[in-house]
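Okay, structure first, notes after.
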Amino acid sequence: MPPEQIEILSPDELRRTLTRLASQIIERSGDLSKLVLLGIYTRGVPLAKTLGDQIETLEKVKVPVGAIDITFYRDDLDTIGVRTPAKTDIPFDLAGKTVVLVDDVIYKGRTIRAALDAVNDYGRPEVIRLAVLVDRGHRQLPIHPDFTGKKLPTAKEEMVKVYLQNFDGRDGVELIKG
76 MPPEQIEILS
86 PDELRRTLTR
96 LASQIIERSG
106 DLSKLVLLGI
116 YTRGVPLAKT
126 LGDQIETLEK
136 VKVPVGAIDI
146 TFYRDDLDTI
156 GVRTPAKTDI
166 PFDLAGKTVV
176 LVDDVIYKGR
186 TIRAALDAVN
196 DYGRPEVIRL
206 AVLVDRGHRQ
216 LPIHPDFTGK
226 KLPTAKEEMV
236 KVYLQNFDGR
246 DGVELIKG
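Structure representation (structure tokens):
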């Protein structure tokens, strides 16, 4: 029996959710000249770019956007299999900045722990915050997002799949059961 796919966010709902996340980041960040967005590979990178574009549309301020690869900072490489590292691209100084890490789904918190370790190798920001599209619970570490698009309690055997137009040819979020 094929897995059941349940739509959680339609393309329009995803767009509205990202607009709301951008607005929350603006409200909480204060001085936007100190704000930078760092997307975590893979889907956190296009999400960060979209949030940056949305902030620019709303506030007429271009927020620097970078990308961070956490492959060598993970503590679970033995369980996730071989991965080809992506290129970390942080074309700005992190010192004194408000860094918002951006990822698609938070689950156990281990990806974010690895991202925090990686960020510290590139500089010492004033503040690090976390924005996620979907929070599905089941944390193994005391990590909590500052900005959440959708809280989605899930069973451990379920999966959340984020689809992005420039990556997957469509936008949306699905819960996959079975």
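Each number in my numbering comes from the position in the sequence shown (counting from 1) with 75 added on.
For every residue, glycine included, the Cβ atom is placed at its ideal position computed from N, Cα and C.
None of the values given here were measured: they were computed from a predicted structure.
| query | result |
| --- | --- |
| Sorted by chain position, which residues of the same chain lie with C-beta nearer than 8 Å to L169's C-beta, five sequence neighbours on each side aside? | V111, V194, Y197, G198, R199 and P200 |
| Among L227, G247, G141 and T173, which residue has its Cα nearest to the Cα of K162? | G141 |
| Let me confirm a value: Q129 is counted as buried when at least 16 other C-beta atoms fall within 10 Å, else exposed. Which label applies? | buried |
| Thinking just about the alpha-carbon of each residue, which of T146, G247, K109 and K135 is nearest to the one in T65? | The structure shown has nothing for residue 65, since the chain only spans 76 to 253. |
| For D87, count neighbouring Cβ atoms within 10 angstroms of its own Cβ and tell me buried if that reaches 16, exposed if not. | exposed |
| So I187 packs on I165, CB below 8 Å; how close in whole Å? | About 17 Å; that fails the 8 Å criterion. |
| When you compare only the Cα positions, how much space is there between Y56 and L113? | Residue 56 is absent from the structure shown; the chain starts at 76 and stops at 253. |
| Output the distance between the C-alpha atoms of V209 and K225, rounded to the nearest integer angstrom. | 5 Å |
| Starting from K124, follow the beta strand (DSSP E) in both directions and report where the run begins and ends. | That residue, K124, is in no beta strand (DSSP E); its alpha helix (DSSP H) goes G119 to E134. |
| State the Cα-Cα distance for the pair L133 and R95, rounded to the nearest angstrom. | 11 Å |
| Are there 16 or more other CB atoms within 10 angstroms of the CB of V180, so buried, or fewer, so exposed? | buried |
| Which word fits T173, buried or exposed, when buried means at least 16 other C-beta atoms lie within 10 angstroms of its C-beta? | buried |
| Using the Cβ count rule (16 or more neighbours within 10 Å means buried), how would you classify R245? | exposed |
| Might you give, ordered along the chain, the residues of its own chain that have their beta carbon closer than 8 Å to the beta carbon of A189, omitting 5 neighbours on each side? | I145, Y148, R149 and D150 |
| To the nearest angstrom, how far is it from the Cα of R204 to the Cα of G105? | 13 Å |
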